[in-house]
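Peer 1: Each residue of the sequence shown is one higher than the one before, counting from 1496 in my numbering.
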Amino acid sequence: MKFLTILVQLLIISVPIVLFGWLVNMQLVPSGSFVVSHNVNEDSAFIERLLPDQRVEPPVKDIDGNWIQKLIGDPVFFFVHPHRWFDEIEFEVLFKNETLPILEFGALANTKPEIYNLKPLQNLLIDNSHWHKISDGEITLLQRNKTYSSIKDFYTNLPLRNSVAVYNTGLKDKYRISDYVRSTEEQIIDVSLRGRHEFKTYIKDEVLNFEISYMDMNRDEGADSTHVLILNENDMPVDEVRVQDDGDVSKNAKPSGIKKINIRTEGLKEGVYKVILDTSRDIFFREIKTTQKKIVFLNTIFFGDEVAYKEPPRSVDFWTGSKKTSFRTRHSEGVQDVVIGNQILKIEEPYKQYTLISKTSGLLSSKLKKGDVEMFVDGPVSFTQDQYFNPNPIRLRDYSDVNSLGVDYILAEYTEPEEIDGWFVSRVSFNTGDILFQKDSMQKIFTDGVWKFVFSTPGISDNKSEVFIKDINITFKGRPFGTKDVFKYFTE
């Protein structure tokens, strides 16, 4: 009887200690490594469900009894809640996909603008290609006609730049214009551009110089500063200019007069430079003066209206190598027909995006009848034909037609997913220093913030494709914890 009493007492004492130790171990992860196995139908303290509801169907059981969830829109995202800080996150995704050309997975890296660090899960354009294929384990090369016997051979004897399409990688050689001669003649880009923009220019034996005229339209409340950042070919800053608000932070719609930003950077080596005009939608860039010969705008071009500047609205001529071009307006005044090469795209109503995919190769002469339109492009845009150049390699996209692109090689940093028990399995990892941790402060090692991750499924609706997700498994990796860390945890 006495023995039984002692045993009960030991249990009463040891159970809380064991439970406490288990909870501390779960919270601190002394080893530095923590694994979460997650099915789409399960609730988890670490992984939230897939969102938004309009782009996913509810989880269901397949014929084998597996819980699966169908992606029907783009993009689909979810949040991950770490219980302490980790340096690396590895994902293992189990999925099925038969028709979506490109399926990618990424992490939110920035919010202004929203940028995701995307990595491939599957590329059917590469997997299903009948071209000659070689790989060194990291880089894959597809050849229309077999020319190279190894990746090393390809890099040693690079073909013409415009004969190569790249996916998730770039070309090692720097873009150069062999017959480029600098100009001293001033060019004027007389186009109203609203808000943040990026453009590239080419420099050789000259000063990078721009005089940019702008107006603060004061349509939104708050200060409207402008930060001009200049980056070299390695994405390293070489110069910057900062301009403060005009002093009117109201939303009275009373525009400032014309103000100027002067950019002058000397001593630059030959190459391609990116200029980022980082500002709010209240800033309208009205005119750009420069002696640079080559200038192309990138990604998003917001053609501003001419109210309080030049009325009536003017047409805008531009040239682009973009294969996929989309337009959207927020006002009925922006409704119009847009000419892209020999095709016409109708913008029929506000707040709806209209897209044209061109199968025509080469540079397309295009025209807007008026501004107040956002344009989204996958290739450079210039405002005279002579200003156009394309320093970026041809990129393989979900809608790419390699024949119309005229390419003979595809270079990709990509590994085809494994196939296990009828499911594709892909693994990707992220350095947490390269992605955005959403919280007010990152000073503490123990956190209550989140990371945002996304499934990128471009064209899933247009292609009527089906992608099914089964499991999302995560391995968190960080430094091991010692006694000092435990003390810090309980004293903070």
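Note that CB positions come from ideal geometry on N, CA and C, so glycine has one too.
Just how far apart, CA to CA, sit I1940 and L1931?
Peer 2: Summary for I1940: the model assigns pLDDT 44, below 50, so the residue's position carries little reliability; its value from the coordinates is reported in the next sentence. Rounded to whole angstroms, I1940 to L1931 spans 16 Å at the Cα level.
Peer 1: Return the bridge partner residues of N1534 from the DSSP annotation.
Peer 2: DSSP lists D1966 as partners of N1534.
Peer 1: If we count the other Cβ atoms within 10 Å of its Cβ and call it buried at 16 or more, is K1755 buried or exposed?
Peer 2: Exposed is the call here.
Peer 1: Decide if A1602 is buried, meaning its Cβ has at least 16 other Cβ atoms within 10 Å, or exposed.
Peer 2: Classification of A1602: buried, given that the 10 Å Cβ count is 16 or more.
Peer 1: Closest Cβ-Cβ distance between S1827 and chain B: below 9 Å?
Peer 2: Protein chains in the displayed structure number just one, and chain B is not present.
Peer 1: How far does the beta strand (DSSP E) with D1711 in it extend, from its first residue to its last?
Peer 2: Run containing D1711: 1703 to 1711, per the beta strand (DSSP E) assignment.
Peer 1: Once the 5 residues before and after Q1880 are set aside, which same chain residues still bring their CB inside 6 Å of it?
Peer 2: Within the same chain, Q1880 has close Cβ partners W1814.
Peer 1: Does DSSP put T1651 in a helix, a strand or coil?
Peer 2: Of the three classes helix, strand and coil, the one that applies to T1651 here is helix, per DSSP.
Peer 1: Going along the chain, which residues of its own chain have a beta-carbon closer than 8 Å to the beta-carbon of E1609, five neighbours each way excluded?
Peer 2: So the list reads L1603, once near-sequence residues are dropped.
Peer 1: Using 8 Å as the threshold, is the region 1894 to 1913 in touch with the region 1676 to 1691, meaning 3 or more CB pairs across them?
Peer 2: Cβ pair count under 8 Å is below three, so no.
Peer 1: Taking P1888 as the reference, which of V1659, A1748, S1532, F1649 has the closest Cα?
Peer 2: Out of V1659, A1748, S1532, F1649, V1659 has the C-alpha closest to the C-alpha of P1888.
Peer 1: Which residues does DSSP list as the beta-bridge partners of N1727?
Peer 2: Paired residue(s): none; N1727 is not in a bridge.
Peer 1: Mapping DSSP to helix, strand and coil, what is R1825?
Peer 2: It is coil, neither helix nor strand.
Peer 1: Give the single residue among R1639, Q1617, L1620 whose Cα lies nearest to the Cα of H1627.
Peer 2: Of the listed residues, the one whose Cα sits closest to H1627 is R1639.
Peer 1: Within 10 angstroms of its Cβ, does R1825 collect 16 or more other Cβ (buried), or is it exposed?
Peer 2: R1825 is exposed by the Cβ-count criterion.
Peer 1: Hey, is the region 1792 to 1801 in contact with the region 1735 to 1753, meaning 3+ C-beta pairs nearer than 8 Å?
Peer 2: Judged by Cβ distances under 8 Å, the region 1792 to 1801 makes no contact with the region 1735 to 1753, as fewer than three pairs qualify.
Peer 1: Based on Cα-Cα distance, which residue from S1860, E1761, V1920, F1871 lies nearest to S1481?
Peer 2: The structure shown does not extend to residue 1481, since the chain spans only 1496 to 1987, so no value can be given for it.
Peer 1: In the structure shown, what three-state DSSP assignment does R1550 receive?
Peer 2: R1550 falls in the helix class under three-state DSSP.
Peer 1: Give a yes or no on whether the C-beta atoms belonging to D1944 and H1576 are separated by under 9 Å.
Peer 2: Residue identity differs from the one stated: residue 1944 is Gly in this sequence, not Asp. In contact: G1944 and H1576 (Cβ atoms closer than 9 Å).
Peer 1: Runs of 3 residues minimum, wholly inside the region 1554 to 1579: which ones carry the beta strand (DSSP E) assignment?
Peer 2: The qualifying runs are 1562 to 1566, 1571 to 1575.
Peer 1: Can you name, in chain order, every residue of its own chain whose Cβ lies under 7 Å from the Cβ of V1920, other than the five neighbours on each side?
Peer 2: Closer than 7 Å at the Cβ level, and outside the excluded window around V1920, lie E1587, L1589, P1912, E1913.
Peer 1: Which of helix, strand or coil does DSSP assign to I1753?
Peer 2: I1753 falls in the coil class under three-state DSSP.
Peer 1: Give the secondary structure of D1685 by DSSP, where H, G and I count as helix, E and B as strand, and everything else as coil.
Peer 2: Three-state DSSP puts D1685 in coil, outside helix and strand.
Peer 1: Grab the span of the alpha helix (DSSP H) containing N1657 for me, first residue to last.
Peer 2: Premise fails: N1657 is in no alpha helix (DSSP H) and is neither H nor E.
Peer 1: Counting Cβ pairs, one atom from each stretch, are 3 or more of them under 8 Å apart for the region 1686 to 1699 and the region 1760 to 1774?
Peer 2: Contact holds: three or more Cβ-Cβ distances are below 8 Å.
Peer 1: Kindly confirm or deny that the region 1567 to 1574 and the region 1953 to 1961 touch, where touching means at least three C-beta pairs closer than 8 Å.
Peer 2: Enough Cβ pairs lie closer than 8 Å, so yes.
Peer 1: Could you tell me which residues DSSP puts in a beta bridge with G1601?
Peer 2: Its beta-bridge partners are L1613, V1949.
Peer 1: State yes or no: is the C-beta of V1767 within less than 9 Å of the C-beta of P1845?
Peer 2: Result no, Cβ atoms of V1767 and P1845 do not sit closer than 9 Å.
Peer 1: Considering only residues of the region 1754 to 1797, which uninterrupted beta strand (DSSP E) runs meet the minimum length of 3 residues and lie entirely inside it, listed in chain order?
Peer 2: If we require 3 residues or more, the beta strand (DSSP E) runs fully inside the region 1754 to 1797 come out as 1754 to 1760, 1766 to 1773, 1778 to 1785, 1790 to 1792.
Peer 1: Check the DSSP bridge columns for N1926 and list the partner residues they point to.
Peer 2: Partner(s): E1583.
Peer 1: Can you tell which of E1706, K1746, L1726 has its C-alpha closest to the C-alpha of D1715?
Peer 2: Out of E1706, K1746, L1726, K1746 has the C-alpha closest to the C-alpha of D1715.
Peer 1: Would M1712 be called buried (16 or more neighbouring beta carbons within 10 Å of its own) or exposed?
Peer 2: Label assigned to M1712: buried.
Peer 1: What number of angstroms, rounded off, separates the C-alpha of I1707 from the C-alpha of H1722?
Peer 2: Cα to Cα, the separation comes out at about 13 Å.
Peer 1: Could you give the residue range of the alpha helix (DSSP H) that holds I1621?
Peer 2: 1619 to 1622 is the extent of the alpha helix (DSSP H) around I1621.
Peer 1: Taking C-alpha atoms, which residue in K1647, T1651, I1621 lies nearest to R1596?
Peer 2: The question names Arg, but residue 1596 in the sequence shown is Pro. The shortest Cα separation from P1596 among K1647, T1651, I1621 belongs to I1621.
Peer 1: Roughly how many angstroms separate the alpha carbons of G1909 and D1903, rounded to a whole number?
Peer 2: For the sequence presented, residue 1909 should be read as Tyr rather than Gly. Spanning the two alpha carbons is a distance of roughly 18 Å.
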